[in-house]
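Trainee:
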Amino acid sequence: MTAETLMLAGGVGAFAVTFYWVRSRQLREKYAVVWMTVASALLLMGVFPQVVMRLAEATRMAYSSMVLFLSLGVIYVFSMSVSLSLTRSRRSSVKLMQDLALTRYELDSLRERLALLEERVSGQ
Amino acid sequence: MRKSLIVLPAWNEAEALPSTIEKLQALPDEYELLVVDDGSTDDTPHIARNLIRRSRLPLHVVSLSSNSGIGAAVQTGYLFAVRQNRFDYVIQFDADGQHDASYIPTLVSTCEARGLDLCVGSRFSAGISEGFQSTWLRRLGIRFFARLISLLTGADVTDPTSGFRCAGVHAWRAFAERYPDDYPEPESLFWCARNGLKIGEVPVQMFSRQGGVSSIRSLRTAYYMVKVTLAILIDRFRPLERMDV
């Protein structure tokens, strides 16, 4: 199997997987756009291998090194964006949990006071 | 009358919590207690709620729905103080029985007398050579952080990892807005020193934990050292939020 066939298969696979996750509403369209772009890039490199070859020639890199470089670049960008997203969601989930805990405390205190008041009123 | 809140972050502290709350009962009436249950999976929330009726001092219990880490738990205490808006000082106190409640009035009075925004109970400050002072490896780490903070801010600190501290209104209001997630003590101390808050120390004696599990365990120690050092160094490049102006 050549590298081009592998990329072609990878591109088709990436398309199929992205489509499946979006269809089952497990992946937001926002992220699907980026993954579709990656799948298209893979397909493009599979169908037109000369694109990568020319890019490799222009940067004076070997074909394999160029493929590795591009892959690592994509992995880096995605991993970093996932880390950023996780940081943001961690912050907002902690804030929500703190607000929830404090509001629940206040609600319980109010309920206790209300019960006491009701007891006093019914005792009079 | 001056009012102070003692915040006890508790994660799976069912074993040690009753005796810790019991020891705090000797404090005068100006103190209130707050147990922040950090999503414990043992009986901690249940035990804490049962202690409400037995406690002479007002005891409040707030439960986070899942484990969020020591930083988030302590910050919940500061947020509680903001919402209640009637406390002058907020004291952080371990639920595992490591801290000695008899030092609490000294921490508060030192804050008041010296006009400190943050007073840390130090195991290594002059005057204390007894009590639990941790393993030699941890002491080495503590010394490293103390030197790092002193070097970067000029503040004289000896026990930057101590979780026994008293925050004045400027400090606890700032902590309610921003507080580090995990291993927060050295980082928050550095933030205070860098942003013009007045910090000081009081010598205290500590005990070994009475139960539960430390949040800093074997392999995590290395991660702890790297993470906190990185956090302090990066914080150095953030814009100043001078609190003394």
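Residue numbers (the working numbering), protein chains in the order written: chain A, 2 to 125; chain B, 9 to 253. Where is the CB? At the ideal position from N, CA and C, for every residue including glycine.
#1: Can you tell me where the alpha helix (DSSP H) with B:V70 in it begins and where it stops?
#2: Going along chain A, which residues have a C-beta under 8 Å from B:F88?
#3: Looking at the C-beta of A:V95, does it have a partner C-beta in chain B at a distance below 8 Å?
#4: From the DSSP output, in three-state form, read off B:R173 for me.
#5: Can a CB atom of chain B be found closer than 8 Å to the CB of A:M98?
#6: For B:D46, which beta-bridge partners are listed by DSSP?
#7: Counting along the chain, where does the beta strand (DSSP E) carrying B:S12 start and finish?
#8: Straight-line CA distance for B:G47 to B:L59?
#9: Identify the residues that DSSP records as bridge partners of A:L18: which are they?
#10: Name, in chain order, the residues that DSSP records as bridge partners for B:I99.
#11: Quick test of your reading: B:A175 and B:V98, contact by CB under 8 Å. State the CB separation rounded to the nearest angstrom.
#12: Does the beta-carbon distance from A:A40 to A:F16 come in below 8 Å?
#13: Helix, strand or coil: which one does DSSP assign to B:S130?
#14: Going by the beta-carbon positions, is the gap between B:L87 and B:A81 smaller than 8 Å?
#15: List in chain order: all unbroken beta strand (DSSP E) runs of 3+ residues lying wholly within the stretch 141-169 of chain B.
#16: Could you tell me the distance, in whole angstroms, from the CA atom of B:P49 to the CA atom of B:D104?
Mentor: Quick answer:
#1: Against the second sequence, residue 70 of chain B aligns to sequence position 62. The continuous stretches of alpha helix (DSSP H) do not include B:V70, which lies in the beta strand (DSSP E) extending over residues L67 to L72.
#2: On the second sequence, residue 88 of chain B is found 80 positions in, with the first residue counted as 1. Here the neighbours are L103 and Y106.
#3: Here residue 95 of chain A refers to the residue found at position 94 when the first sequence is read from its first residue. Taking Cβ atoms only, chain B reaches closer than 8 Å to A:V95, which makes this a yes.
#4: If you number the second sequence from 1, residue 173 of chain B lands on position 165. In the three-state scheme derived from DSSP, where H, G and I count as helix and E and B as strand, B:R173 is classed as strand.
#5: Here residue 98 of chain A refers to the residue found at position 97 when the first sequence is read from its first residue. Taking 8 Å as the threshold, the shortest C-beta distance from A:M98 to chain B falls below it.
#6: Along the second sequence, read from residue 1 onward, the residue named residue 46 of chain B stands at position 38. DSSP, once it has assigned bridges, lists B:L72 as partnering B:D46.
#7: On the second sequence, position 4 is the one that residue 12 of chain B refers to. Here the beta strand (DSSP E) through B:S12 covers S12 to A18.
#8: Your numbering for residue 47 of chain B matches position 39 in the second sequence. Your numbering for residue 59 of chain B matches position 51 in the second sequence. Distance between the alpha carbons of B:G47 and B:L59 is about 18 Å.
#9: As a working note, residue 18 of chain A is residue 17 in the first sequence. It is worth fixing the name first, because residue 18 of chain A is Val in this sequence and not Leu. DSSP output for A:V18 lists no bridge partner at all.
#10: Taking the first residue of the second sequence as position 1, residue 99 of chain B is located at position 91. According to DSSP, which records beta bridges pairwise, B:I99 is partnered with B:I14 and B:C174.
#11: Mapped onto the second sequence, residue 175 of chain B falls at position 167. Mapped onto the second sequence, residue 98 of chain B falls at position 90. So it is a contact: roughly 5 Å between Cβ atoms.
#12: Counting from one through the first sequence, the residue named residue 40 of chain A turns up at place 39. Counting from one through the first sequence, the residue named residue 16 of chain A turns up at place 15. In this structure, A:A40 places its C-beta atom within 8 Å of the C-beta atom of A:F16.
#13: On the second sequence, residue 130 of chain B is found 122 positions in, with the first residue counted as 1. B:S130 falls in the strand class under three-state DSSP.
#14: Here the question's residue 87 of chain B lines up with position 79 in the second sequence. Here the question's residue 81 of chain B lines up with position 73 in the second sequence. Taking the C-beta atoms as reference points, B:A81 is found no nearer than 8 Å to B:L87.
#15: Along the stretch 141-169 of chain B, the beta strand (DSSP E) does not occur as any fully enclosed run of 3 or more residues.
#16: The residue given as residue 49 of chain B occupies position 41 in the second sequence. The residue given as residue 104 of chain B occupies position 96 in the second sequence. Looking at the sequence provided, one finds Thr at residue 49 of chain B rather than Pro. Within the model, the alpha-carbon separation for B:T49 versus B:D104 is close to 16 Å.
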